[in-house]
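Chemist: Under this note's numbering, think of the first position of the sequence shown as 74, with each following residue one higher. Don't be surprised by glycine CBs; every beta carbon is placed ideally from N, CA and C.
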Amino acid sequence: MGVDVAGESGAVLAQPEVAWPERRIALLTVEGAGDGPALEAAGWRVFQLEDIAGGGASPLLALHGEVDDR
Numbered sequence: 074m075g076v077d078v079a080g081e082s083g084a085v086l087a088q089p090e091v092a093w094p095e096r097r098i099a100l101l102t103v104e105g106a107g108d109g110p111a112l113e114a115a116g117w118r119v120f121q122l123e124d125i126a127g128g129g130a131s132p133l134l135a136l137h138g139e140v141d142d143r
């Protein structure tokens with residue numbers, strides 16, 4: 074599962090598990106990790122779900138700040 078993230082041409086760049094397009098933030102699973110470079114090249118911030126789920130607070134705190142700062 075996941076969501077389609079399209080590039081400027083309309084072609085699908087990646088399928089992150091969760092995405093906030095207005096903030097250009099994507100959460101990827103291990104299976105979707107190969108999509109990271111394409112998203113980053115398009116200006117997205119990419120986080121690995123496993124890093125967050127594994128107890129690493131830094132990615133979670135960074136994500137929280139990015140989503141909540143409006």
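(1) Is it buried or exposed for Asp-77, if we count other Cβ within 10 angstroms and need 16 for buried?
(2) Assuming Ala-84 is part of the alpha helix (DSSP H), what are its boundary residues?
(3) Would you kindly work out how many angstroms separate the C-alpha atoms of Met-117 and Asp-124, rounded to a whole number?
(4) Would the beta-carbon of Leu-122 fall within 8 angstroms of that of Leu-100?
(5) From the DSSP output, in three-state form, read off Ala-106 for me.
Modeler: Looking at the atomic coordinates:
(1) Counting Cβ neighbours within 10 Å, Asp-77 comes out exposed, since fewer than 16 surround it.
(2) Taken as a continuous stretch (DSSP letters only), Ala-84 belongs to no alpha helix (DSSP H), as it is neither H nor E.
(3) First, the residue type needs correcting, since residue 117 is Trp and not Met in the sequence shown. Distance between the alpha carbons of Trp-117 and Asp-124: 17 angstroms.
(4) In this structure, Leu-100 lies closer than 8 angstroms to Leu-122 by Cβ.
(5) The three-state reading of DSSP puts Ala-106 in helix, counting H, G and I together.
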